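What follows is a single structure, written as structure tokens, with notes after it.
There are 2 protein chains.
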Amino acid sequence: MSTENLYNLAERLGELLRVERRGMLRARQLEPVHLATLRYLCTCNQFSNTASAITEYLGQTKGTTSQTLKVLEKKSLLERVADVKDRRVVHFFVSPTGRRLVSEVAPSLALMDACARVEPSDQVAAEQVLADLITALLQTNNMRAFGICGRCRHNQRRQTGLTKGTSFCNLVKQELSASDNQLICREYQRVDVAAGLG
Amino acid sequence: MSTENLYNLAERLGELLRVERRGMLRARQLEPVHLATLRYLCTCNQFSNTASAITEYLGQTKGTTSQTLKVLEKKSLLERVADVKDRRVVHFFVSPTGRRLVSEVAPSLALMDACARVEPSDQVAAEQVLADLITALLQTNNMRAFGICGRCRHNQRRQTGLTKGTSFCNLVKQELSASDNQLICREYQRVDVAAGLG
DNA sequence: CAAGTTAGTATCGACTCGATACTATATTGG
DNA sequence: CCAATATAGTATCGAGTCGATACTAACTTG
Numbered sequence: 086m087s088t089e090n091l092y093n094l095a096e097r098l099g100e101l102l103r104v105e106r107r108g109m110l111r112a113r114q115l116e117p118v119h120l121a122t123l124r125y126l127c128t129c130n131q132f133s134n135t136a137s138a139i140t141e142y143l144g145q146t147k148g149t150t151s152q153t154l155k156v157l158e159k160k161s162l163l164e165r166v167a168d169v170k171d172r173r174v175v176h177f178f179v180s181p182t183g184r185r186l187v188s189e190v191a192p193s194l195a196l197m198d199a200c201a202r203v204e205p206s207d208q209v210a211a212e213q214v215l216a217d218l219i220t221a222l223l224q225t226n227n228m229r230a231f232g233i234c235g236r237c238r239h240n241q242r243r244q245t246g247l248t249k250g251t252s253f254c255n256l257v258k259q260e261l262s263a264s265d266n267q268l269i270c271r272e273y274q275r276v277d278v279a280a281g282l283g
Numbered sequence: 086m087s088t089e090n091l092y093n094l095a096e097r098l099g100e101l102l103r104v105e106r107r108g109m110l111r112a113r114q115l116e117p118v119h120l121a122t123l124r125y126l127c128t129c130n131q132f133s134n135t136a137s138a139i140t141e142y143l144g145q146t147k148g149t150t151s152q153t154l155k156v157l158e159k160k161s162l163l164e165r166v167a168d169v170k171d172r173r174v175v176h177f178f179v180s181p182t183g184r185r186l187v188s189e190v191a192p193s194l195a196l197m198d199a200c201a202r203v204e205p206s207d208q209v210a211a212e213q214v215l216a217d218l219i220t221a222l223l224q225t226n227n228m229r230a231f232g233i234c235g236r237c238r239h240n241q242r243r244q245t246g247l248t249k250g251t252s253f254c255n256l257v258k259q260e261l262s263a264s265d266n267q268l269i270c271r272e273y274q275r276v277d278v279a280a281g282l283g
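Protein chains in written order, with our numbering: chain P, 86 to 283; chain F, 86 to 283.
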């Protein structure tokens with residue numbers, strides 16, 4: 086009864102957010118999926134800015150993502166850079182124009198106000214609940230979690246010395262800066278996951 | 086910072102819910118908007134089951150709603166009934182087939198499980214936060230609230246006697262049964278809204 | 001009763017999205 | 001070392017959404 090209510094509220098909120106986004110984007114001749122793609126590319130790390138990663142994140146097919154990227158590139162909202170090691174791979178970077186668009190469009194001011202008026206304790210609870218629901222959805226749909234690099238079990242953080250804050254990824258075998266650690270990665274795995282499972 | 090997090094979580098959850106719905110509906114050759122329409126029609130009252138009301142609820146245009154209804158009717162998921170008083174108006178009713186579809190598709194079991202595992206106090210807080218965000222979105226987009234009939238300021242409830250539980254709507258000037266009072270109405274206005282504003 | 005309003009439909013174009021098929025590049029097992 | 005296979009990405013097609021515009025029919029108001 087009450088759990089159904091939570092579900093209904095989440096669905097309704099999602100629908101209304103989508104309506105609002107559509108309205109904000111219409112003047113710029115863009116669709117919700119375009120903004121979602123740009124926002125993702127603004128927050129992911131250098132191993133996750135490919136068509137495949139976007140496909141996984143948004144839960145679509147490769148072809149759909151390919152078309153979305155074509156549109157965004159034509160509008161000069163992102164740039165493509167070929168990978169030097171693997172010539173099949175293309176990395177996508179949001180252009181300055183694209184970043185400006187994301188910052189202008191993404192936060193609905195009215196909603197931010199409403200968020201700001203929420204009691205801090207309620208906010209913590211709500212964020213935890215939403216995060217739990219997201220985790221549940223990702224698991225049952227066999228989707229990756231795309232967590233923050235610094236909290237990944239592949240991430241070995243340097244705790245002392247001049248390189249404090251930087252780290253090393255044991256999966257891709259590469260040095261990571263302190264800012265890299267804040268970005269989301271398609272290879273993310275929770276630290277408490279039993280080793281050898283993935 | 087933290088308010089942005091709440092916003093991001095709500096958006097992400099909305100996107101993932103949409104992806105999951107698409108997946109569940111694909112086998113039945115339906116789209117998310119079809120389910121949204123059916124679910125609305127399953128919960129609204131007899132004054133709100135028209136194309137105009139659906140248009141307002143879903144935040145679309147009349148033409149879009151008209152097409153959606155055409156598709157649903159062709160699939161025998163709803164039936165149209167002409168209004169006897171106003172011959173411009175058509176009322177849409179979900180067919181038994183449609184109701185079965187809604188009950189089968191709507192609740193994502195994995196998500197319901199996750200909802201059920203939420204701490205009761207957190208759940209109350211989360212529901213309150215989601216409801217607040219929905220209210221904020223509706224207000225800034227000049228959309229109606231579509232609240233529950235029994236809690237509307239137009240609703241005059243009978244508190245005693247044989248007719249206890251029934252009520253009278255001062256707006257449409259009509260008697261309402263106890264079950265009518267549980268449905269959502271496009272004319273809903275909060276009881277604490279200053280009289281004469283709407 | 002004319003003018004304006006409201007309910008709903010019809011049509012068109014831009015776009016999403018999934019399915020399928022395809023190319024090009026990497027990887028792997030014999 | 002190379003054939004088989006896997007992976008990254010693109011191209012194309014069809015079904016469908018969605019908004020814009022224009023339209024008909026019916027109701028309301030001055």
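Positions of the beta carbon are idealized from the N, C-alpha and C atoms, including for glycine.
Predicted, not measured: the structure shown is a model, and the values here were computed from it.
Exercise for the section: Within the segment 89 to 140 of chain P, note down every full alpha helix (DSSP H) run reaching 4 residues or more, in order along the chain. Expected result: As far as the segment 89 to 140 of chain P is concerned, its whole alpha helix (DSSP H) runs of at least 4 residues are 117 to 128.
Practice task
Provide the residue span of the beta strand (DSSP E) that contains ARG242(F), from first to last.
Solution key: Here the question's residue 242(F) lines up with position 157 in the second sequence. Run containing ARG242(F): 240 to 242, per the beta strand (DSSP E) assignment.
Problem - Chain-ordered chain F contacts of GLN152(P) [CB-CB under 9 Å] - result: Locating residue 152(P) in the first sequence gives position 67, where the first residue counts as 1. Those within 9 Å of GLN152(P) in chain F number zero; the least Cβ separation is about 17 Å.
Exercise for the section: Flag this pair as yes or no: are the beta carbons of VAL175(P) and ARG165(P) separated by less than 8 Å? Expected result: The residue you call residue 175(P) lines up with position 90 of the first sequence. The residue you call residue 165(P) lines up with position 80 of the first sequence. Contact: yes.
Exercise for the section: Could you tell me if ASN227(F) is buried or exposed, where buried requires 16 or more neighbouring beta carbons within 10 angstroms of its beta carbon? Expected result: Within the second sequence, numbered from 1, the residue matching residue 227(F) stands at position 142. Answer is exposed; the Cβ neighbour count stays below 16.
Exercise for the section: Quick one: which unbroken alpha helix (DSSP H) runs of 4-plus residues sit fully inside the segment 206 to 230 of chain F? Chain order, please. Expected result: none
Exercise for the section: Indicate whether at least one CB of chain F lies closer than 8 Å to the CB of THR146(P). Expected result: Translated into positions along the first sequence, residue 146(P) becomes position 61. No - not a single Cβ of chain F is within 8 Å of the one on THR146(P).
Handout entry: GLY144(P) - DSSP class collapsed to helix/strand/coil
Key = Along the first sequence, one-based indexing puts residue 144(P) at 59. Looking at GLY144(P) - three-state DSSP - the assignment turns out to be coil, as it is neither helix nor strand.
Practice task
Please say whether ALA221(P) and ALA195(F) have beta carbons closer to each other than 8 Å?
Solution key: For the purposes of this step, residue 195(F) is taken as residue 110 along the second sequence, with counting starting at 1. For the purposes of this step, residue 221(P) is taken as residue 136 along the first sequence, with counting starting at 1. Yes; because the gap between Cβ atoms is below 8 Å, this pair is in contact.
Exercise for the section: Verify the CB distance criterion: does VAL104(P) have a CB-CB separation below 8 Å to chain F? Expected result: Sequence index remark: in the first sequence, residue 104(P) carries index 19 (1-based). Yes, VAL104(P) lies at the interface with chain F (some Cβ there is under 8 Å from its Cβ).
Practice task
Taking GLN213(P) as the query, report the chain F residues whose CB atoms sit under 7 Å from its CB, ordered along the chain.
Solution key: As a first step, residue 213(P) must be located in the first sequence, where it is residue number 128. Result: ASP207.
Exercise for the section: Starting from the Cα of LYS170(F), find the closest Cα among PHE132(F), ALA211(F), GLY232(F) and give me that residue. Expected result: For the purposes of this step, residue 170(F) is taken as the residue at position 85 of the second sequence. Of the candidates PHE132(F), ALA211(F), GLY232(F), the one whose C-alpha sits nearest the C-alpha of LYS170(F) is PHE132(F).
Practice task
Note the first and the last residue of the continuous beta strand (DSSP E) segment covering VAL166(P).
Solution key: Translated into the one-based positions of the first sequence, residue 166(P) becomes position 81. In the DSSP assignment, VAL166(P) falls within the beta strand (DSSP E) that extends over 163 to 167.
Practice task
State the DSSP-derived secondary structure class of SER188(P), mapped to helix, strand or coil.
Solution key: Here the question's residue 188(P) lines up with position 103 in the first sequence. SER188(P) carries a helical assignment under DSSP once its states are collapsed to helix, strand and coil.
Problem - the segment 239 to 253 of chain F: positions lying closer than 9 Å to chain P by Cβ - result: none
Problem - Residue-level contact to chain P via CB, ASP217(F), 8 Å cutoff - result: Sequence index remark: in the second sequence, residue 217(F) carries index 132 (1-based). Output row for ASP217(F): interface = yes.
Exercise for the section: Closer than 7 Å, Cβ to Cβ, to anything on chain P: give me those residues from the segment 176 to 187 of chain F, in chain order. Expected result: none
Practice task
Following the continuous beta strand (DSSP E) through CYS200(P), name the residue where it begins and the one where it ends.
Solution key: Position 115 of the first sequence, counting from 1, holds the residue named residue 200(P). Unbroken run through CYS200(P) is the alpha helix (DSSP H), 194 to 202; no beta strand (DSSP E).
Exercise for the section: Could you pull out every residue in the same chain whose Cβ sits closer than 8 Å to the Cβ of ALA136(P), ignoring the five residues on either side in sequence? Expected result: For the purposes of this step, residue 136(P) is identified with residue 51 of the first sequence, where counting begins at 1. These residues qualify, in order along the chain: LYS147, THR150, SER151, LEU154, VAL175, PHE177.
Practice task
Return the residue from the list ARG106(P), ALA95(P), ASN130(P) that minimises the CA-CA distance to ASN266(P).
Solution key: For the purposes of this step, residue 266(P) is taken as residue 181 along the first sequence, with counting starting at 1. Checking every option, the nearest Cα to that of ASN266(P) belongs to ASN130(P).
Problem - is_contact[MET109(P), chain F] using C-beta, thresh 8 Å - result: Here the question's residue 109(P) lines up with position 24 in the first sequence. Not an interface residue.
Exercise for the section: Kindly indicate which three-state DSSP category ARG275(P) falls into: helix, strand or coil? Expected result: Here residue 275(P) refers to the residue found at position 190 of the first sequence. DSSP places ARG275(P) in strand when its eight states are reduced to three.
Practice task
Mind the definition here: the segment 252 to 259 of chain P touches the segment 227 to 240 of chain P only if three or more C-beta pairs lie below 8 Å; say whether that holds.
Solution key: yes
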